[in-house]
Amino acid sequence: MSYFSTLGLIKEPFSNSPDPEFFFESNEHKAALIRLLVEIRLRRGLSVILGDVGVGKTTLSRKLFQMFKERSDILFYMILDPTAQSEDLFLES
Numbered sequence: 001m002s003y004f005s006t007l008g009l010i011k012e013p014f015s016n017s018p019d020p021e022f023f024f025e026s027n028e029h030k031a032a033l034i035r036l037l038v039e040i041r042l043r044r045g046l047s048v049i050l051g052d053v054g055v056g057k058t059t060l061s062r063k064l065f066q067m068f069k070e071r072s073d074i075l076f077y078m079i080l081d082p083t084a085q086s087e088d089l090f091l092e093s
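If you're matching positions, the sequence shown starts at 1 in full-length UniProt numbering and goes up one per residue.
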């Protein structure tokens with residue numbers, strides 16, 4: 001039995017794959033999300049999220065993706081491999 005079901009939770013809150021459903025919107029996350037929304041709406045091109053391990057980059061990215069997933073005119077690419085040595089493969093796709 002998993003710890004989250006033992007605690008009466010339906011989903012695992014601390015999964016290795018961050019779930020945007022558990023997104024906590026701190027002031028910093030809110031500011032980053034607003035900046036990214038502006039970048040997307042103004043069609044400014046590539047936007048990059050940088051930060052230390054565990055600060056919420058992936059969760060923020062997935063939250064943003066959820067907001068625009070129905071839009072076929074917006075493309076999302078996420079580099080989820082922290083050991084990626086080159087952005088060439090990313091740029092080729």
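All residues carry an ideal CB built from backbone N, CA and C; glycine is no exception.
Considering only the alpha carbon of each residue, which of Arg43, His29, Tyr3 lies closest to Thr58?
As a first step, residue 58 is located in the sequence shown; it is residue number 58 there, counting from the start. Closest by alpha carbon: His29.
Confirm, please, whether the CB-CB distance from Lys63 to Leu37 is below 8 Å.
In the sequence shown, residue 37 corresponds to position 37, counting from 1. In the sequence shown, residue 63 corresponds to position 63, counting from 1. Contact: no.
Would a C-beta distance cut-off of 8 Å place Ile74 and Leu60 closer than the cut-off?
Along the sequence shown, one-based indexing puts residue 74 at 74. Along the sequence shown, one-based indexing puts residue 60 at 60. Cβ distance not < 8 Å, so Ile74 and Leu60 don't count as in contact.
Tell me whether the beta-carbon of Pro20 lies closer than 8 Å to the beta-carbon of Gln66.
Reading the sequence shown from its first residue, position 20 is the one you call residue 20. Reading the sequence shown from its first residue, position 66 is the one you call residue 66. Against a cut-off of 8 Å, the Cβ pair of Gln66 and Pro20 comes out as a contact.
Distance, Ser47 Cα to Arg41 Cα
Here residue 41 refers to the residue found at position 41 of the sequence shown. Here residue 47 refers to the residue found at position 47 of the sequence shown. Taking the straight line joining both Cα atoms gives about 12 Å.
Nearest to Leu80 (by Cα), restricted to the options Ser72, Leu7, Ser17
As a working note, residue 80 is residue 80 in the sequence shown. Comparing C-alpha distances from Leu80 to each of Ser72, Leu7, Ser17 shows the shortest one belongs to Ser17.
For the alpha helix (DSSP H) containing Ile74, name the first residue and the last one.
For the purposes of this step, residue 74 is taken as the residue at position 74 of the sequence shown. Per DSSP, Ile74 belongs to no alpha helix (DSSP H) and is neither H nor E.
Gly56 burial status per 10 Å Cβ neighbour count (16 or more: buried):
Taking the first residue of the sequence shown as 1, we reach residue 56 at position 56. Answer is buried; the Cβ neighbour count reaches 16.
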